[in-house]
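> Just passing along the structure, written as structure tokens.
Here you go:
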């Protein structure tokens, strides 16, 4: 789940030669704020997904709780670093745009992009733990075919290399598929209500 204004399509990068009026409009602040809201809502939705995933893993795992804890902790680390990434990115962009004479400093924008990207990519370790733990629990409970389990393990291993960017697609695809499966099976897993 790539995050932040830059990845939400609201890039405000400026070349060092155009660090004045062409880069410092109020509409840029609006775009930055919109990107921040969209990314924040995406991570908020991820937290709801994580809670549902935790419940499913706990049900599949039984009494031990190791994989349930690892799923929850890994997902929480991923979400925390994603939130930190968008906060750093938006904070630096806003600070750069709110200075005297509304001068945008391209070096700060570049630093915001790099720092937020590395923060988010570092969260790939947490996503990896979440993916592998949840996949192992699903495989042990035989709720997914073996081949799908191995694809999940591969996605979890790829998540460790999130700094390369392309493995982030594996994280997003895994979350999309698993959330769809959890939603589809949600009605089947509820206990019957005695009437």
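Numbering (this note's numbering), first residue to last: 6 to 200. All C-beta atoms in this analysis are idealised placements derived from N, C-alpha and C, irrespective of residue type, glycine included.
Would you decide whether residue 167 is buried or exposed? Buried here means 16 or more other CB atoms lie within 10 Å of its CB.
Answer is buried; the Cβ neighbour count reaches 16.
> With a Cβ-Cβ cutoff of 8 Å, do residue 87 and residue 187 count as a contact?
Contact: no.
> Please classify residue 65: is it buried, with 16 or more other beta-carbons within 10 angstroms of its beta-carbon, or exposed?
Label assigned to residue 65: buried.
> If you reduce the DSSP assignment to three classes, tell me which class residue 110 lands in.
Of the three classes helix, strand and coil, the one that applies to residue 110 here is coil, per DSSP.
> Please confirm if the region 76-94 is in contact with the region 120-135, defined as three or more CB-CB distances below 8 Å between the two stretches.
Touching, per the Cβ criterion.
> In angstroms with no decimal places, state the Cα-to-Cα distance between residue 71 and residue 38.
In a straight line, the C-alpha of residue 71 is about 39 Å away from that of residue 38.
> What do you reckon, are the CB atoms on residue 162 and residue 120 nearer than 8 Å?
The answer is no: Cβ separation not under 8 Å.
> So, using beta-carbon positions, are residue 164 and residue 177 closer together than 8 Å?
No, they are not a contact pair.
> Determine, using beta carbons only, whether residue 207 and residue 97 come nearer to each other than 8 Å.
Residue coverage of the chain in this structure runs from 6 to 200, which leaves residue 207 outside it and unanswerable.
> Which of helix, strand or coil does DSSP assign to residue 150?
Reduced to three states, the DSSP call for residue 150 is coil.
> Name the two residues that bound the continuous alpha helix (DSSP H) containing residue 137.
Here the alpha helix (DSSP H) through residue 137 covers 129-145.
> Looking at residue 154 and residue 138, is the spacing between their C-beta atoms short of 8 Å?
Not closer than 8 Å, so no.
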